[in-house]
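Taking numbering that gives the first Met the number 0 as reference, the numbering of the sequence shown is continuous, increasing by one, and the terminal residue is 224.
Virtual Cβ for every residue (Gly too), placed ideally from N, Cα, C.
Notes follow once the structure below has been shown.
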Amino acid sequence: MANPLDTDVGSELFGSYEAELKLVQADLNQKLDQIPELSGEPRKAAVRQAERALEEANELLDSMRLEKQNIPANLKSKINQRFRNHESDVDAAKRKLKSLSEDRKALFGNRYQDNPASDDQLEQRQQLLSGTERLGRSSGRLRESHRIAMETEDIGRNTLADLGRQRETIENTRNTLLESEGYTDRSIKTLRGMARRMATNKIITIAIITVLVLLIIAVIVSKFR
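What follows is the structure, given as structure tokens:
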């Protein structure tokens, strides 16, 4: 069942690291349980695998330690408790692995000799293998980060293109509105001109009728004189 904190804002990445750490811890514990049953080369191989798993668990703990600084304050107490539990489990696995690694007779079998030179060579070889494994994991995470960065860049580029198209649409709409406003102004001017002409024609018509009436009155008056 998913932990409810994993869905809270600010804890998604922490939850992802935690899920990966649980898988690594399960694998590490399985290897630690198998080591006591082995000896010689198989035991050395199992110890090296457990050491690599322990290193990966420590790397994930470091990532979780950094990420929990970004957790909201209302979640930090629960997150810190979960982190301490994982840290305690990893420390216990580290102590168990150290105890198993120090059993040289079981580690080297019948060929065991107290030879410091051979021990130094073995330790250097183990360090080299561990360094190679860490480098491989770091390279993988770097490639993943680069992929995410490229995807983010594509999203940003597409967003800018969308904003450019939206700006062009807004400008076209603005130009259309300005043209419509110009047509409206010309229509208003035309209507005002027509109103003025109608008023002028009305005045002229009234004047003509007045003149005609006066002429008629003048004619009638002249007849009765």
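Taking 8 Å as the upper bound for CB-CB distance, Leu-96 and Leu-53 are in contact here, some 6 Å apart.
In the three-state DSSP reduction, Phe-223 falls in the coil class, being neither helix nor strand. Taking all protein chains in view, the Cβ of Phe-82 is crowded by 16 or more other Cβ atoms within 10 Å, so the residue is classified as buried. At the C-beta level, Ala-49 and Lys-30 come within 8 Å of one another.
Linking Met-149 to Asp-161 through their CA atoms gives a straight-line distance of about 18 Å. The beta carbons of Leu-20 and Leu-60 sit closer together than 8 Å. Val-46 is a Cβ neighbour of Ser-100, given a cutoff of 8 Å. Distance from the CA atom of Glu-86 to the CA atom of Arg-166, rounded to whole angstroms, is 53 Å.
When secondary structure is reduced to three states using DSSP, Leu-127 falls in the helix class. If you look at Gln-68, you'll find it isn't in any alpha helix (DSSP H); DSSP assigns it neither H nor E. For the 8 Å CB-CB criterion, Glu-17 and Met-63 form a contact. The C-beta of Ile-169 has fewer than 16 other C-beta atoms within 10 Å across all chains shown, which makes the residue exposed.
Counting the other Cβ atoms within 10 Å of the Cβ of Glu-66 gives 16 or more, which makes it buried.
Around the Cβ of Gly-14, a 10 Å sphere holds 16 or more other Cβ atoms; the residue is buried. Pro-35 and Arg-42 have their C-alpha atoms spaced approximately 8 Å apart.
In the three-state DSSP reduction, Glu-101 falls in the coil class, being neither helix nor strand.
Ile-154 counts as exposed, since fewer than 16 other beta carbons sit within 10 angstroms of its beta carbon. Judged by DSSP secondary structure, Leu-12 falls within the alpha helix (DSSP H) whose first and last residues are 11 to 33.
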